[in-house]
Amino acid sequence: MKKKSKGFMLLETLVVSTFIISTLIYLYIQFINLKKSYDISFRYDTIPGLYNLKEVDKFINTNYGYADFINNTDIITNGYTEIYNNNECNINFFSNNNNYCEKLMTSIGAKTILLAKIDLTTTKNNLKNNNPYSNNLYLYIKSINYTTNLNTYLLIIEYNDNTFSNIKIEKEEVN
Amino acid sequence: MKKRGFTVVELMTTFVLISVIATLLIKLTISLKELYISGDMKTTLLAKQGTLTDKLKNDLNNNVLTEMNSCGNNCITFVYNTGSKNLKVDKTNKIITYDNYAIKLGKENSFGDIYINKDDYDIGSIVKINISIKNKLLKGDYGINIVHQINDTTTFDSNILTTFNK
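Listed in order, the protein sequences are those of chains A and B.
All residue numbers for the first sequence refer to the numbering used here, where the first residue is 4 and numbers rise by one.
All residue numbers for the second sequence refer to the numbering used here, where the first residue is 139 and numbers rise by one.
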């Protein structure tokens, strides 16, 4: 006589549970990614960040102009040049008005400021291989994607509060 | 004897697996709820911060600032070539007013440091206006942090430095 089984077998329970757990884990991973993107949306290109970076642009444009910056060896070979990092303005550019520069950067809460070519391919490659800055700054730069215009440059900033911004330096400003 | 129902092993296994699933679901639900609440608060605060910053910076950038005077505790008068506008912080009622625009903060928000700094250099001065706004449920500062470079011809009432933090 055939044995009549009642209830679920252990194997059935395991298969169904594994399927449900896998689905839940997949949902959880999707949720973590969503949360990450959501957090990033509050940290990238904030309004105060953009206005404060515009003050840096105003300072450079009024007192120096961008010609020396874009003809610098760093920007030609690496795709970017450092404006400010580790609480110091780049002495190669700001030997005059260095105190003013550092006060301005401290006031806006800057951590790192870079001037880069708008085509960030070289910058991204260089930072991928040798990144002297934070990984968050690298991730931010990786997320920037403009239509290439060779005569345009970008001011990119990382603030101490872990927010990031960039503004385009227009062609007429550069020339 | 005829056996009915589940065995102990089956019951225990099912119980453990259901517990794992329930824990994951609860964690997911709590995280979603937190994300929704914090997102809503952040969006509201950032909208207020953005609007006020935008109004102030537009005026500072598009007009000639001739004077900055104190108009009482936590109050500054910006005198432009086109007219005057007051920036006032009412700590008790949690209201910030600039010209005819006012923002009221929710009860979960509070003011942090409120100050104004001015540093003079040969090529001009750097003015920093800071109105820190904190939220007890969120990390970070959602206040006004404006840095503006002015030339030496702007008259700056030094009384602002002592009255804009009381």
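Just so it is clear, CB atoms sit at the ideal spot from N, CA and C, and this is done for glycine as well.
Just so it is clear, the structure is predicted and the values come from calculations on it, not from any experiment.
Residue contact check for Phe45(A) against chain B: a CB pair falls below 7 Å.
Boundaries of the beta strand (DSSP E) harbouring Phe167(A): Phe167 to Ile172, taken from the DSSP string. Boundaries for Val202(B): no alpha helix (DSSP H) harbours it, and the DSSP string shows neither H nor E there. By the criterion of a C-beta distance shorter than 6 Å, Leu183(B) is surrounded in its chain by Tyr280, once the five residues flanking it on both sides are discounted. Closer than 7 Å to the CB of Thr151(B) there is at least one CB belonging to chain A. Spatial neighbours of Thr215(B) in its own chain (CB-CB distance under 6 Å, excluding positions within 5 residues in sequence) are listed in chain order as Asn207, Cys209, Ser222 and Asn224. Distances from the alpha-carbon of Ser248(B) to those of Leu299(B), Asp228(B), His286(B) and Glu148(B) put Asp228(B) closest. With the criterion set as a beta carbon lying under 7 Å from some beta carbon of chain B, the members of the region 54–68 of chain A are Tyr54, Asn55, Glu58, Lys61, Phe62 and Asn66, in sequence order. Taking a beta-carbon distance threshold of 7 Å, Asn283(B) counts as an interface residue toward chain A. Under DSSP, Ser263(B) takes part in a beta bridge, and its partners are Asp258(B) and Ile288(B). For the region 27–43 of chain A, the set of residues with a beta-carbon nearer than 7 Å to any beta-carbon of chain B comprises Leu27, Leu30, Tyr31, Phe34, Lys38 and Tyr41, in chain order. Excluding residues up to 5 positions away in sequence, Glu205, Met206, Asn207 and Ser208 lie with their Cβ nearer than 8 Å to the Cβ of Asp295(B) in the same chain. Taking 7 Å as the threshold, the shortest C-beta distance from Tyr218(B) to chain A does not fall below it. Unbroken beta strand (DSSP E) stretches of 3 residues or longer found wholly inside the region 146–222 of chain B: 203–208 and 213–218, given in chain order. The beta carbons of Lys127(A) and Lys114(A) sit no closer together than 7 Å. Secondary structure at Lys120(A): strand, using DSSP grouped into helix, strand and coil. Around Glu246(B), no beta-carbon contact reaches into chain A at under 7 Å, the shortest distance being about 17 Å. In this structure, Lys186(B) is the residue among Lys186(B), Tyr259(B), Ser263(B) and Thr291(B) with its C-alpha nearest to the C-alpha of Ala240(B). Between Lys106(A) and Asp257(B), the C-beta gap is smaller than 7 Å, which places the two residues in contact. Contact annotation: the region 88–99 of chain A does not touch the region 275–291 of chain B, with fewer than three C-beta pairs closer than 8 Å. With respect to chain A, the C-beta atom of Gly221(B) has no partner C-beta closer than 7 Å.
The Cβ atoms of Ile284(B) and Leu190(B) do not sit closer than 7 Å to each other.
Neighbours of Ser110(A) across chain B, judged by C-beta separation under 7 Å: Ile264, Lys266 and Val285. The C-beta distance from Leu162(B) to Leu27(A) rounds to 5 Å, short enough to meet the 8 Å contact threshold. Comparing C-alpha distances from Asn200(B) to each of Thr293(B), Asn297(B), Leu155(B) and Val217(B) shows the shortest one belongs to Val217(B). Within the region 97–122 of chain A, Asn100, Asn102, Tyr103, Lys106, Leu107, Ser110, Ile111 and Gly112 place their CB atoms closer than 8 Å to a CB of chain B, listed in sequence order. Beta-bridge pairing by DSSP links Lys272(B) to Ser248(B). The shortest CA-to-CA distance from Lys272(B) to any of Ile264(B), Glu148(B), Glu246(B) and Ile156(B) is the one to Glu246(B). Nearest CB-CB separation between Gly210(B) and chain A: not below the 7 Å threshold.
The alpha-carbon separation between Asn99(A) and Thr49(A) amounts to approximately 30 Å. A Cβ-Cβ distance of about 22 Å is found for the pair Phe96(A) and Asp122(A), leaving them out of contact under the 8 Å criterion. Rounded to the nearest whole angstrom, the C-alpha separation of Ile234(B) and Asn297(B) is 20 Å. Burial state of Leu198(B) is buried, judged by a 10 Å Cβ sphere holding 16 or more other Cβ atoms. Across the structure, Lys131(A) and Leu117(A) are spaced so that their CA atoms are roughly 16 Å apart. Between Thr230(B) and Leu243(B), the alpha-carbon positions lie close to 11 Å from each other. Going by C-alpha positions, Tyr83(A) is about 13 Å away from Tyr136(A).
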